[in-house]
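In the numbering used here, the protein residues as written are 50 to 356. Backbone N, C-alpha and C define an ideal beta-carbon position, used for all residues, glycine too.
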């Protein structure tokens, strides 16, 4: 059976995530302990106790989410769950996918996304960037609205038909959001984020990220990884590296990535992380897709029973 694993990105994190699974699976705490040691920060305490303001800092969110996803995958496997035949991750989640595919060692991945988060935050001082979700408007109309305003703003996430996230300078995002509303968007929502991801404002972080990727030493993927930038299944480490660099300043082609996996015969998926964001997007893309989210004990056990 072809089984795809999907890994969520920033925004799915919550204080106390995986607490119920961690209470019965010691490996979860062990992984968070390893991650804490890797970056010299008590990540375990922040995830368990908060405050949310600390967990939501980009340089903390990124290693916390990656660790949660990897811990969930390991629990799934230890309990007899089927291994994925293809993986994909949304934005930050791509690094979790690459870790499961063997491209990155776990400790290296934790350090990498921690530093990536710091680079992204440094590229745009807090308050100067923004992101907004635009619902119910065609992709090309959104692009026209972004092009019609002054400043840096562009489509950042093509999540599903009728759901696009734009990113850029705060004033430009506000103006483009207003233009989308005037053009007939069903809804436009400014997101609570500190970094405008996947747009040209991230360019200052590119050179340093390239150095970080060189330092960790990527390996070829053991299973195909459908990457955000190309929406293509990749195993070659050099292509993976180039796509990761491009991902920093280019939109996440999530709807196309799902289409790539479906076209290759994958219709059953496991969302490996807290929350059910990617399951929701999958249903908007194709209601016939089967997606099990395993972010808490009840959903994990239900998904294993169905596997």
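Quick check: the Cα distance between residue i and residue j, rounded to an integer number of angstroms?
i           : j           : result
residue 103 : residue 262 : 26 Å
residue 305 : residue 280 : 6 Å
residue 53  : residue 143 : 13 Å
residue 72  : residue 323 : 16 Å
residue 128 : residue 67  : 16 Å
residue 344 : residue 227 : 35 Å
residue 264 : residue 161 : 9 Å
residue 82  : residue 132 : 25 Å
residue 211 : residue 308 : 15 Å
residue 208 : residue 120 : 25 Å
residue 135 : residue 145 : 13 Å
residue 337 : residue 260 : 42 Å
residue 239 : residue 118 : 26 Å
residue 352 : residue 60  : 23 Å
residue 163 : residue 354 : 35 Å
residue 314 : residue 51  : 7 Å
residue 112 : residue 276 : 19 Å
residue 192 : residue 77  : 42 Å
residue 283 : residue 172 : 28 Å
residue 190 : residue 199 : 17 Å
residue 330 : residue 229 : 21 Å
residue 84  : residue 126 : 20 Å
residue 62  : residue 110 : 7 Å
residue 253 : residue 291 : 16 Å
Please state the DSSP three-state secondary structure of residue i.
i           : result
residue 341 : strand
residue 208 : strand
residue 137 : strand
residue 203 : strand
residue 215 : strand
residue 320 : strand
residue 73  : coil
residue 128 : coil
residue 180 : strand
residue 267 : coil
residue 353 : helix
residue 53  : strand
Among the options, which one has its Cα closest to the Cα of residue i?
i           : options            : result
residue 174 : 217, 88, 210       : 217
residue 176 : 331, 300, 314, 244 : 244
residue 269 : 79, 108, 147       : 147
residue 299 : 307, 203, 235, 213 : 203
residue 258 : 327, 169, 346      : 169
residue 141 : 301, 309, 93, 185  : 301
residue 187 : 164, 93, 236, 166  : 236
residue 295 : 278, 287, 234      : 278
residue 256 : 232, 220, 286, 297 : 297
residue 248 : 80, 219, 110       : 219
residue 196 : 206, 225, 205      : 225
Quick test of your reading: residue i and residue j, contact by CB under 8 Å. State the CB separation rounded to the nearest angstrom.
i           : j           : result
residue 339 : residue 356 : Not really, about 11 Å apart at Cβ, beyond 8 Å.
residue 101 : residue 64  : 5 Å
residue 108 : residue 166 : 4 Å
residue 56  : residue 321 : 6 Å
residue 234 : residue 289 : Wrong, their Cβ atoms sit about 35 Å apart, outside the cutoff.
residue 150 : residue 271 : 6 Å
residue 213 : residue 180 : With a Cβ gap of about 11 Å, residue 213 and residue 180 do not count as contacting.
residue 335 : residue 311 : 7 Å
residue 159 : residue 115 : 6 Å
residue 303 : residue 122 : That belief does not hold up - the Cβ atoms of residue 303 and residue 122 are roughly 20 Å apart, past 8 Å.
residue 349 : residue 70  : 6 Å
State yes or no: is the C-beta of residue i nearer than 7 Å to some heavy atom of the ligand ZN?
i          : result
residue 86 : For the ligand ZN, the structure offers nothing, since it holds no ligand at all.
| Which runs of the beta strand (DSSP E) fall wholly inside the segment 92-126 and span at least 3 residues, in chain order? | None, since the segment 92-126 contains no complete beta strand (DSSP E) of that length.
| field | Whole runs of the alpha helix (DSSP H) within the segment 240-307, excluding any shorter than 4 residues | value | 255-265, 286-298
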